[in-house]
Amino acid sequence: MNNKAKFNRYAELLIDWSKRMNLVAPSTLTDIESRHFADSAQLSDVLPKNAKIVDLGSGAGFPGVVLAILGWQVVCIESIGKKIAFLNTLKSDLELDNLTIYHGRVEHYISDLPRDDKIVFTARAFAPLVKIMDYVAKTPYPLFLLKGREVSAEIDVAKRKYKFDYELIPSKTGDGFITIIRKYR
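Mapped onto our numbering, the consecutive letters of the sequence shown carry residue numbers 12 to 196.
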């Protein structure tokens with residue numbers, strides 16, 4: 012199955028499963044390609060090519076599953092059983108051998124994370140920046156986050172607790188930003 016077929020099947024599954032559970036806002040199902048796929052895929056422009064992605068709070072698979080389709084090694088972390096069932100269906104139906112699904116809480120997975128300088132964290136619509144940093148504070152790995160237009164306020168809050176370097180790259184698909192956080196302490 013080529014990537015176009017995988018994305019088509021992903022969209023079909025997302026629409027079907029969304030009839031039974033809250034995966035994404037119903038209003039976004041009319042523009043899955045731009046709103047979800049392209050938004051998630053824009054991370055591929057800034058991620059290190061050899062990155063091993065740990066996607067925090069994967070939900071409906073954004074951005075983790077999209078990045079797996081594009082070829083990255085990805086671990087999707089999700090604590091909600093129904094969403095895990097959806098992610099496992101995607102892994103199977105889309106034949107994504109480079110995708111690992113972890114059913115549990117982010118802090119539990121991170122506490123056992125092996126040292127590997129290729130690891131990066133991603134997240135989209137997961138939690139406020141300061142909460143994400145609370146989860147990853149004891150690791151040295153960079154964050155590649157898809158954040159909305161209010162990210163500056165989130166950065167201000169996080170800076171009260173952490174010191175870090177950051178870069179904001181305007182989104183290609185909306186009024187948000189790719190937010191890259193490095194060297195946090």
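All C-beta atoms, glycine included, are put in the ideal place defined by N, C-alpha and C. Just so you know, these numbers come straight off a predicted model, no measurement behind them.
Classification of residue i by the beta-carbon crowding that lies within 10 angstroms, buried from 16 upward
| i | result |
| --- | --- |
| Pro151 | exposed |
| Thr100 | exposed |
| Gly70 | buried |
| Ala52 | buried |
| Gly68 | buried |
| Lys170 | exposed |
| Ala79 | buried |
| Thr41 | exposed |
| Ala62 | buried |
| Glu165 | buried |
| Pro153 | buried |
| Lys149 | exposed |
| Leu57 | Residue identity check: residue 57 is Val in the sequence provided, not Leu. By the neighbour-count rule (16 or more Cβ atoms within 10 Å), Val57 is not buried but exposed. |
Residues bridged to residue i [DSSP beta-bridge criterion]
| i | result |
| --- | --- |
| Glu178 | Ile191 |
| Glu106 | Bridge partners of Glu106: none, in fact. |
| Asp66 | Cys87 and Thr133 |
For residue i, three-class secondary structure by DSSP
| i | result |
| --- | --- |
| Tyr113 | strand |
| Ala134 | strand |
| Lys60 | coil |
| Phe155 | strand |
| Pro37 | helix |
| Arg126 | coil |
| Gly92 | helix |
| Asp186 | coil |
| Ala148 | coil |
| Arg20 | helix |
Inter-residue spacing [alpha-carbon to alpha-carbon] between residue i and residue j
| i | j | result |
| --- | --- | --- |
| Arg46 | Gly75 | 15 Å |
| Lys172 | Asn19 | 42 Å |
| Asp145 | Ser122 | 12 Å |
| Ser182 | Gly72 | 19 Å |
| Ala96 | Arg196 | 35 Å |
| Trp28 | Ser103 | 15 Å |
| Ser55 | Ser38 | 26 Å |
| Phe140 | Met12 | Looking at the sequence provided, one finds Leu at residue 140 rather than Phe. Looking at the two C-alpha atoms, the distance is approximately 36 Å. |
| Glu44 | Val168 | 32 Å |
| Ile189 | Ile180 | 5 Å |
| Lys93 | Val35 | 13 Å |
Test item: CB-CB of residue i and residue j under 9 Å
| i | j | result |
| --- | --- | --- |
| Lys194 | Asp176 | yes |
| Leu110 | Val86 | yes |
| Asp50 | Arg160 | no |
| Ile191 | Phe155 | yes |
| Ile91 | Val65 | no |
| Phe48 | Ala22 | yes |
| Leu107 | Asn14 | no |
| Gly197 | Val162 | Outside the displayed span of the chain (12 to 196) sits residue 197, for which this structure offers no information. |
| Lys174 | Pro59 | no |
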